[in-house]
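Heads up: the structure comes next, in structure tokens.
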Amino acid sequence: MGHSVRGAPDRAMGHIRLSAPNWDIRRSYGARIAFLIAAYYLAAHLGYAFRFSGPVAAIVWLPVGVGIAGLYTFGLRLWPAVVVGDLLVNNYSALPVGAAVSQSFGNLLEVVIGAVLLRRFVSSRAPLDTASSVAGVFAALTIATAVSAIIGPLSLAVHNVIPASSLPRVAGTWWLGDFTGAAIVLPLVLAFSTPSPHDWLRRHIVEAALMLVTLIALSAVGAQVGGPSSYLAFPVLIWAGFR
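Written out as structure tokens, the structure reads:
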């Protein structure tokens, strides 16, 4: 990330300061808000285009990764962008307004908790360079996505969108979709936030191209055939997230 390590001593002031990442709102706050809303919106519609997402739950929900990455990188005060982005992508034809607002609240908590845990337990200098850092990233995602997987399905049951008997199944699908989306997007953002992403890309350009072509091909097959074939792209997506 190119910042000081969290909690590094401030020798001039004689105390510990939290210096990275910067949480302050600067002049570019409005631009960052607009950028994060647009990224969140596009990520949701990318999922809709590849049929990763439905009106109730998604097998892959990419916006959660965008939201956590945005708040981790630019600061927690960009949370209004997550709210606006989430409200824009809700399917109001299939959801009562109360259920949609409750889901957006759960999604906001999920993103904020994920960003806070990452800032607290994962090094900002090299978040993917050690096994402990990678484990910290995935532990943070596991905890954060569980929050939305509880609030979202409960809001659907309360508003009679789903029967109470289907809560465990919907919650499991919800958690898996959010976790997978975060696990795809966040490592990619973290990797390209390090000082030398272009060096990595030059060394792995063939691998990156093959991943992209394979992903497009498998997603097209899944969209045409449907059923279990919709999951064909999962291994490529997860591998891309790790790489």
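Just so you know, the working numbering puts 514 at position 42 of the sequence shown, and the rest follows in order with no gaps. By construction, the Cβ of each residue, glycine as well, lies at the ideal position given by its N, Cα and C atoms.
Would you mind listing the beta strand (DSSP E) stretches within the segment 520 to 565 that are 3+ residues and don't spill past its ends, in chain order? none
What does the alpha-carbon distance come out to for the pair Leu550 and Ile531? 26 Å
Pick from Ala618, Tyr513, Val619, Leu626: whose alpha carbon is nearest that of Val561? Tyr513
As a quick exercise: from Val538, Ile623, Val633, pick the residue whose alpha carbon is nearest that of Thr652. In terms of CA proximity to Thr652, Val538 leads the group Val538, Ile623, Val633.
By Cβ distance below 6 Å, which residues in the same chain neighbour Ser627 in space, the five residues on each side in sequence not counted? Contacts found: Ala571, Ser574, Gln575.
Measuring CB to CB, does Ala616 end up less than 8 Å from Gly586? Result yes, Cβ atoms of Ala616 and Gly586 sit closer than 8 Å.
Measure the Cβ-Cβ separation of Ala621 and Phe593 and say whether it is below 8 Å. no
Contacting residues, own chain, Cβ-Cβ under 6 Å from Asn579 (five flanking each side not counted): Asp558, Ser620
Counting along the chain, where does the alpha helix (DSSP H) carrying Val569 start and finish? 569 to 593
Whose CA, out of Ala516, Ala506, Asp650, lies closest to the CA of Asn563? Ala516
For Ile634, I'd like the list of residues in its chain whose CB is within less than 8 Å of its CB, leaving aside the five on either flank, ordered along the chain. Val528, Pro625, Leu628, Val642
Need the endpoints of the alpha helix (DSSP H) that Pro659 sits in, please. 639 to 664 is the span of the alpha helix (DSSP H), which, as asked, contains Pro659.
Please classify Phe522: is it buried, with 16 or more other beta-carbons within 10 angstroms of its beta-carbon, or exposed? It counts as buried.
Reference Gly649, options Ala511, Ala566, Ala506, Gly519, closest by Cα: Comparing alpha carbon positions, the residue from Ala511, Ala566, Ala506, Gly519 closest to Gly649 is Gly519.
Put Ser604 into one of helix, strand or coil per three-state DSSP. DSSP places Ser604 in the helix class (H, G or I) of the three-state scheme.
Give me, in chain order, the residues of the same chain whose beta-carbon lies closer than 7 Å to that of Leu589; leave out the 5 immediate sequence neighbours on both sides. Ala612, Ile615, Ala616
To which residues of the same chain is Gly608 closer than 6 Å at the C-beta, ignoring the five residues directly before and after it? Same-chain partners within the cutoff: Phe593, Val594.
Report buried or exposed for Pro535, applying the criterion of at least 16 other Cβ atoms within 10 angstroms of its Cβ. buried
Reduced DSSP category for Pro707 - H, G, I as helix; E, B as strand; rest coil: helix
Closest Cα partner of Ala654 within the set Ala636, Tyr544, Pro640: Closest in alpha carbon position to Ala654, among Ala636, Tyr544, Pro640, is Tyr544.
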